[in-house]
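In the UniProt record's numbering, the protein residues as written are 1 to 258.
We put the CB at the ideal spot given by N, CA and C, even for glycine.
Reviewing the structure listed below.
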Amino acid sequence: MIEILNDTELARAKVTGALVADILQALKARSTVGTNLLEIDGWTREMIVAAGAESCYVDYEPSFGRGPFGHYICTSVNDAVLHGMPHDYALADGDLLSLDLAVAKDGVAADAAISFVVGDTQPPESLAMIDATQRALRAGIAAARPGARIGDLSHAIGEVLTAAGYPINTEFGGHGIGSTMHQDPHIPNTGRPGRGYTLRPGLLLALEPWIMADTAQLITDADGWTLRSATGSRTVHSEHTIAVTADGAEILTLPTPR
Numbered sequence: 001m002i003e004i005l006n007d008t009e010l011a012r013a014k015v016t017g018a019l020v021a022d023i024l025q026a027l028k029a030r031s032t033v034g035t036n037l038l039e040i041d042g043w044t045r046e047m048i049v050a051a052g053a054e055s056c057y058v059d060y061e062p063s064f065g066r067g068p069f070g071h072y073i074c075t076s077v078n079d080a081v082l083h084g085m086p087h088d089y090a091l092a093d094g095d096l097l098s099l100d101l102a103v104a105k106d107g108v109a110a111d112a113a114i115s116f117v118v119g120d121t122q123p124p125e126s127l128a129m130i131d132a133t134q135r136a137l138r139a140g141i142a143a144a145r146p147g148a149r150i151g152d153l154s155h156a157i158g159e160v161l162t163a164a165g166y167p168i169n170t171e172f173g174g175h176g177i178g179s180t181m182h183q184d185p186h187i188p189n190t191g192r193p194g195r196g197y198t199l200r201p202g203l204l205l206a207l208e209p210w211i212m213a214d215t216a217q218l219i220t221d222a223d224g225w226t227l228r229s230a231t232g233s234r235t236v237h238s239e240h241t242i243a244v245t246a247d248g249a250e251i252l253t254l255p256t257p258r
């Protein structure tokens, strides 16, 4: 299913997007050395409920997972990159943490992810990976406009990641979003320009470059959800929800200006 949102729905999408971004920034500020991943999950639940919104994850039960996810946020540490299930783990100095959050409010969903290093130890290689995914995300957003093809966005993202020296996995990538969290079209993190679905104003997309330092192969934890690098290398994930507009794209998952 591919949805094209009207002006009223787009206005609601902006509210949901800002909520997702604000929650992620609040969690980043509170995630320090010693913070438990289950605490982060609890804080997320409190903020979602306080906003009158709904989690897209708690009852999420796709074919690639094992039963309902059952948590409010994905917390992926170090070699975990996607669908990290919160568990009893206290963050250590230098841990590389990715937080992925999807929320629905007033019938419209938004999805975003951030990665950052916890504590005072900031490994340069981890910071370089974060920078690469953020630059790739900006490139994908810059390529989004009416008349562009999905392959144009994938190509723009992939060019940045490849130039930075990172292998690219295409099993999981960006996606359409709207009244539900995951919709068509699928947006791989590399691809050929001029191919795929043609973008139209009102289309919402979640673009999400993610990388593993030295491999494109994933392995799945015993929890049936958490995806890790096959080599144990560090990983990074950056994501925004955008709306295609008449003359380009608007990022919906930006924090509320203070």
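Checklist entry - Hey, out of H237, D247 and I251, whose CA is closest to A113's CA? => result In the sequence shown, residue 113 corresponds to position 113, counting from 1. The candidate whose alpha carbon is nearest that of A113 is H237.
Checklist entry - Between the beta-carbon of P146 and the beta-carbon of P193, is there less than 7 angstroms? => result The residue given as residue 146 occupies position 146 in the sequence shown. The residue given as residue 193 occupies position 193 in the sequence shown. Cβ atoms of P146 and P193: not closer than 7 angstroms.
Item to check | Sub-7 angstroms separation of L137 and A144 beta-carbons | outcome: The residue labelled residue 137 in the question sits at position 137 within the sequence shown. The residue labelled residue 144 in the question sits at position 144 within the sequence shown. Result no, Cβ atoms of L137 and A144 do not sit closer than 7 angstroms.
Checklist entry - Where does G151 sit, in a helix, a strand or coil, going by DSSP? => result One-based indexing of the sequence shown puts residue 151 at position 151. If DSSP states are grouped into helix, strand and coil, G151 belongs with the helices.
Item to check | Contact belief for M1 with D221 at Cβ below 8 angstroms, rounded distance in angstroms | outcome: Along the sequence shown, one-based indexing puts residue 1 at 1. Along the sequence shown, one-based indexing puts residue 221 at 221. Rounded, the Cβ-Cβ distance is 30 angstroms, inconsistent with contact.
Next on the checklist: Suppose only complete runs of 4+ residues qualify. What are the alpha helix (DSSP H) ranges in the segment 17 to 90, listed by chain order?
Outcome noted: 37 to 50
Next on the checklist: How far does the alpha helix (DSSP H) with S126 in it extend, from its first residue to its last?
Outcome noted: On the sequence shown, position 126 is the one that residue 126 refers to. That run of the alpha helix (DSSP H) goes P124 to A142.
Checklist entry - To which residues does DSSP link D111 through a beta bridge? => result Counting from 1 along the sequence shown, the entry for residue 111 is found at position 111. BP columns for D111 point to A102.
Checklist entry - So does Q134 have its beta carbon nearer than 6 angstroms to some heavy atom of the ligand ATP? => result In the structure on display, the ligand ATP does not appear, and there are no ligands present to speak of.
Next on the checklist: Check this for me: beta carbons of G140 and I157, under 7 angstroms apart or not?
Outcome noted: Locating residue 140 in the sequence shown gives position 140, counting from the first residue. Locating residue 157 in the sequence shown gives position 157, counting from the first residue. Contact: yes.
Item to check | Span of the beta strand (DSSP E), counted from its first residue to its last, around P185 | outcome: Taking the sequence shown and counting its residues from 1, the one referred to as residue 185 is at position 185. Run containing P185: Q183 to I187, per the beta strand (DSSP E) assignment.
Checklist entry - Starting from L203 and walking both ways along the beta strand (DSSP E), at which residues does that stretch end? => result Counted from its first residue, the sequence shown places residue 203 at position 203. Neither: L203 is in no beta strand (DSSP E) and is coded neither H nor E.
Item to check | Beta-carbon spacing of L252, A142 below 7 angstroms | outcome: The sequence position of residue 252 within the sequence shown is 252, counting from 1. The sequence position of residue 142 within the sequence shown is 142, counting from 1. In this structure, A142 does not lie closer than 7 angstroms to L252 by Cβ.
Checklist entry - Can you list, in chain order, the residues of its chain whose CB lies under 7 angstroms from that of N78, leaving out five sequence neighbours each side? => result Here residue 78 refers to the residue found at position 78 of the sequence shown. Closer than 7 angstroms at Cβ, skipping near neighbours: D95, L96 and R234.
Next on the checklist: Based on DSSP bridge pairs, tell me the residues matched to T170.
Outcome noted: In the sequence shown, residue 170 corresponds to position 170, counting from 1. Answer by DSSP bridge pairing: none, since T170 is not bridged.
Checklist entry - In this structure, does DSSP put I251 in helix, strand or coil? => result Your numbering for residue 251 matches position 251 in the sequence shown. Three-state DSSP puts I251 in a strand.
Item to check | Rounded separation between residue 265 and T245 - CA only | outcome: Outside the shown range of the chain, which is 1 to 258, sits residue 265, and nothing can be said about it.
Next on the checklist: On the criterion of 16 or more Cβ atoms from any shown chain inside 10 Å, does D100 qualify as buried, or is it exposed?
Outcome noted: For the purposes of this step, residue 100 is taken as the residue at position 100 of the sequence shown. Buried is the call here.
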